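A.B. asks:
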Amino acid sequence: MLEVDIYKKLQGSAGEMALDINLSVKEHEFIALSGESGSGKTSLLRILAGLEEAEGSIRFADEIWLDEKRSFPTQKRGIGFVFQDYALFANMSVEQNLLYVNRDKALARHLLKLTHLDALKERLPASLSGGQKQRVSLCRALMNRPKLLLMDEPLSALDPQMRRQLQNDILNLHKEFGTTTIMVSHDPSEIYRLASRVFVLEQGKIIKEGTSKELFLKAQGSQKFSLRGELLDIIKADVIYIGVVSIGQQIVEVVLDEKEAKVLQVGQSVQVNTKAFTPSLS
Amino acid sequence: MTVWNSLDFEPFLLSFKLAGLTTLILFMIALPLAWWLAQTRCKCKPVVEAISSLPIVLPPSVIGFYILYALSYNSPIGAFFEETLGIKLVFNFTGLVIASCFYSFPFMIQPLQSGLESLNKNMLEASYIAGKSKLKTLLCVGLPNIKPAILTALIVTFAHTVGEFGVVLMVGGSIPGETKVASVAIYEFVEVLDYTTAHIYSVIMIVMSFLVLLGVYTFNRHQSHRLGVA
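Chains A and B, in that order, give the protein sequences. Residue numbering for the first sequence follows my numbering, starting at 1387 and increasing by one per position. Residue numbering for the second sequence follows my numbering, starting at 3 and increasing by one per position.
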């Protein structure tokens, strides 16, 4: 059980902001932290890891990591951390990166095999692809058999196909090692696939909490389909207007009337809703 | 061949001995300070940086004058060393080493500090998270990833000490076998119009300096490529 009740003043891009978080996570749970950039997600992870200071309290299992009197040092918290930029030790080979954390050769071999990296164990990080580097980083984070695994947008620098493969790796390792996992992510499909609960942060506060199904599948009103996207272009075609909208990895066209075309602006975030139709999946 | 045979290589040996010792001592002193400067958010950082860079801008005569002033028998420091420990600090090799350490300090600390500052902070934090102490992180993760900066610091400090002239002349004088280093020797050959020997000494200095620098740049290029730095 992880119990967090912390407060910290942050210098964000939009001036000063107070990070004020109160949450609890059950053992073996997979939690996602979502929210716009600058909302305090990364700071929260860094405070949990002991890399930044804060006021308040953090308790994990039967240990007190933070209270008014003291802050438990990072080195003794026994956590795993996966950075967005991998942060591999550039001077060490793949295998050495793992063994530096813990000299357990059998565990290193096991992890490298699970993530299909065994053929690359002698290579230096500079010669690996992004997906391979992040796999190494994930394996390295598990070498201490951490009870708590923290991941800061681990897959955001990877292409969609690589993301899906790594999502499977993450899920398998989370189950096998029985970690309590907290992951920062912006991608609803990723959160849906991996996390059992989501906290949405805004301006340093938790504004929504629930299962990924509750938070992402809810369409407002009576629409059957409700998709968020970015308006890329408005094209005039005879008497009508066509809005080009990017949704996820797809680009779609939506018919607009003149009034809508005048109100909407290119680059704006829009909601595409539709009611009466029966889509088919193929 | 007679000129070549009569050449005295002692000034060169002395220069290299001085430069080697200075480089070794400065590495020990500058590394902890560079590590601290690279990590600290202390408000006094610019003050420390300014002081450590002073020898670059000051004329060597100013440094030489104050070192002479501080280490001579007339100052408390000089008197303490000579009376209590029996060590004379000026006009001998010990004095030269002390003076060189001041004079070459910025050339050691600046490459080390910028190397350590350029390290990916997350990489160091990953080591702390793995349970490793700051010292272990510096030795196993920090230093191996700034090899080019370390080599630059060592070589530039060495070369700069070999090339020093003003401070050496002021603090050491020109005692053969004790403080007469190559740069001072060349100055004296020119003064007595022995251009042939001055030419030979100077060409030796140019060729050796070039080879050393060429070696550094070749190594750094190879290292950056290997570690994916640039």
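For each residue, glycine too, the CB sits at the ideal point set by N, CA and C. Since the structure is predicted, the reported quantities are computational estimates derived from the model, not experimental observations.
Report back the beta-carbon spacing between A/Pro1511 and A/Lys1519 to the nearest angstrom; my notes put them in contact at under 8 Å.
C.D. replies: Here residue 1511 of chain A refers to the residue found at position 125 of the first sequence. Here residue 1519 of chain A refers to the residue found at position 133 of the first sequence. A/Pro1511 to A/Lys1519, Cβ: 6 Å. Contact.
A.B. asks: Please classify A/Gly1590: is it buried, with 16 or more other beta-carbons within 10 angstroms of its beta-carbon, or exposed?
C.D. replies: Your numbering for residue 1590 of chain A matches position 204 in the first sequence. When all chains shown are included, A/Gly1590 counts as buried.
A.B. asks: If we ignore side chains and look at the alpha-carbon of each, how far apart do A/Ala1440 and A/Arg1463 end up?
C.D. replies: On the first sequence, position 54 is the one that residue 1440 of chain A refers to. On the first sequence, position 77 is the one that residue 1463 of chain A refers to. Straight-line Cα distance between these residues: approximately 16 Å.
A.B. asks: May I ask which residues mark the beginning and end of the alpha helix (DSSP H) holding A/Met1687?
C.D. replies: Because chain A here runs from 1387 to 1668, residue 1687 of chain A falls outside it and cannot be looked at.
A.B. asks: With burial defined as no fewer than 16 other Cβ atoms inside 10 Å of the residue's Cβ, what is the status of B/Ile69: buried or exposed?
C.D. replies: Taking the first residue of the second sequence as 1, we reach residue 69 of chain B at position 67. Buried is the call here.
A.B. asks: Among A/Lys1561, A/Thr1566 and A/Pro1459, which residue has its Cα nearest to the Cα of B/Lys136?
C.D. replies: Walking along the second sequence from the start, residue 136 of chain B turns up at place 134. If we check each option's Cα against that of B/Lys136, A/Pro1459 comes out closest.
A.B. asks: Measuring alpha carbon to alpha carbon, tell me which of A/Asp1545, A/Leu1485, A/Asp1504 and A/Pro1540 ends up nearest A/Gly1634.
C.D. replies: Position 248 of the first sequence, counting from 1, holds the residue named residue 1634 of chain A. Comparing Cα-Cα distances from A/Gly1634 to each of A/Asp1545, A/Leu1485, A/Asp1504 and A/Pro1540, the minimum goes to A/Asp1545.
A.B. asks: Taking A/Thr1353 as the reference, give the member of A/Ala1473, A/Gln1657 and A/Ile1556 with the closest Cα.
C.D. replies: The shown model of chain A, from 1387 to 1668, leaves out residue 1353 of chain A, and the question about it has no answer.
A.B. asks: Where does A/Asp1538 land, buried or exposed, given buried means 16+ other C-beta within 10 angstroms?
C.D. replies: Indexing the first sequence from 1 puts residue 1538 of chain A at position 152. Its Cβ being crowded by 16 or more others within 10 Å, A/Asp1538 is buried.
A.B. asks: Alpha carbon to alpha carbon, what distance is there between A/Pro1540 and A/Ser1575?
C.D. replies: By one-based count along the first sequence, residue 1575 of chain A stands at place 189. By one-based count along the first sequence, residue 1540 of chain A stands at place 154. A/Ser1575 and A/Pro1540: Cα-Cα distance of roughly 14 Å.
A.B. asks: Less than 7 Å between C-beta atoms, sequence neighbours within five positions excluded: which residues of the same chain meet that for B/Ala232?
C.D. replies: Taking the second sequence and counting its residues from 1, one reaches residue 232 of chain B at position 230. Note that B/Ala232 scores a pLDDT of 40, beneath 50, so its modelled location is shaky; the value from the coordinates is reported in the next line. Cβ neighbours of B/Ala232 beyond the five flanking positions: Ser226.
A.B. asks: At the level of alpha carbons, what is the spacing between B/Leu118 and A/Ile1392?
C.D. replies: Here residue 118 of chain B refers to the residue found at position 116 when the second sequence is read from its first residue. Here residue 1392 of chain A refers to the residue found at position 6 when the first sequence is read from its first residue. Pairing B/Leu118 with A/Ile1392, the inter-Cα distance amounts to about 32 Å.
A.B. asks: Please report whether the beta-carbon of B/Val50 lies at a distance below 8 Å from any beta-carbon of chain A.
C.D. replies: In the second sequence, counting from the first residue as 1, residue 50 of chain B sits at position 48. Judged by the 8 Å Cβ criterion, B/Val50 is not in contact with chain A.
A.B. asks: Quick test of your reading: B/Thr163 and B/Ser102, contact by CB under 8 Å. State the CB separation rounded to the nearest angstrom.
C.D. replies: Locating residue 163 of chain B in the second sequence gives position 161, counting from the first residue. Locating residue 102 of chain B in the second sequence gives position 100, counting from the first residue. Between B/Ser102 and B/Thr163 the Cβ distance is about 5 Å, and since that is below 8 Å, they are a contact.
A.B. asks: Measuring only the C-alpha atoms, how far is B/Ser176 from B/Thr198?
C.D. replies: The sequence position of residue 176 of chain B within the second sequence is 174, counting from 1. The sequence position of residue 198 of chain B within the second sequence is 196, counting from 1. C-alpha separation (whole angstroms): 20 Å.
A.B. asks: Run the proximity test for A/Ser1668: is its beta-carbon closer than 7 Å to any non-hydrogen atom belonging to the ligand HEM?
C.D. replies: Looking at this structure, you won't find the ligand HEM or any other ligand, since it has none at all.
A.B. asks: What whole-angstrom Cβ distance do B/Thr62 and B/Lys182 have, given they're in contact under 8 Å?
C.D. replies: Locating residue 62 of chain B in the second sequence gives position 60, where the first residue counts as 1. Locating residue 182 of chain B in the second sequence gives position 180, where the first residue counts as 1. The amino acid occupying residue 62 of chain B in the given sequence is Pro; Thr does not appear at that position. Contact flag wrong, Cβ pair sits at about 17 Å.
A.B. asks: CB-CB under 6 Å to B/Phe67, same chain, minus the five flanking residues each way: which ones, in chain order?
C.D. replies: Position 65 of the second sequence, counted from the first residue, corresponds to residue 67 of chain B. Excluding sequence neighbours, B/Phe67 sits near nothing in its chain.
A.B. asks: Does the separation of the CB atoms of A/Ser1571 and A/Gln1470 fall below 8 Å?
C.D. replies: In the first sequence, counting from the first residue as 1, residue 1571 of chain A sits at position 185. In the first sequence, counting from the first residue as 1, residue 1470 of chain A sits at position 84. With a cutoff of 8 Å on beta-carbon distance, A/Ser1571 and A/Gln1470 are scored as not near each other.
A.B. asks: Check distances from the C-beta atoms of the segment 1448-1462 of chain A to those of chain B and list, in chain order, the residues that come in under 9 Å.
C.D. replies: Correct list: Pro1459, Thr1460, Gln1461 and Lys1462.
A.B. asks: To which residues of the same chain is A/Glu1449 closer than 6 Å at the C-beta, ignoring the five residues directly before and after it?
C.D. replies: Start at 1 with the first residue of the first sequence, and residue 1449 of chain A comes out as number 63. Cβ neighbours of A/Glu1449 beyond the five flanking positions: none.
A.B. asks: Counting only runs that start and end within the segment 1627-1661 of chain A, where is the alpha helix (DSSP H) found for 4 or more residues in a row?
C.D. replies: 1644-1649
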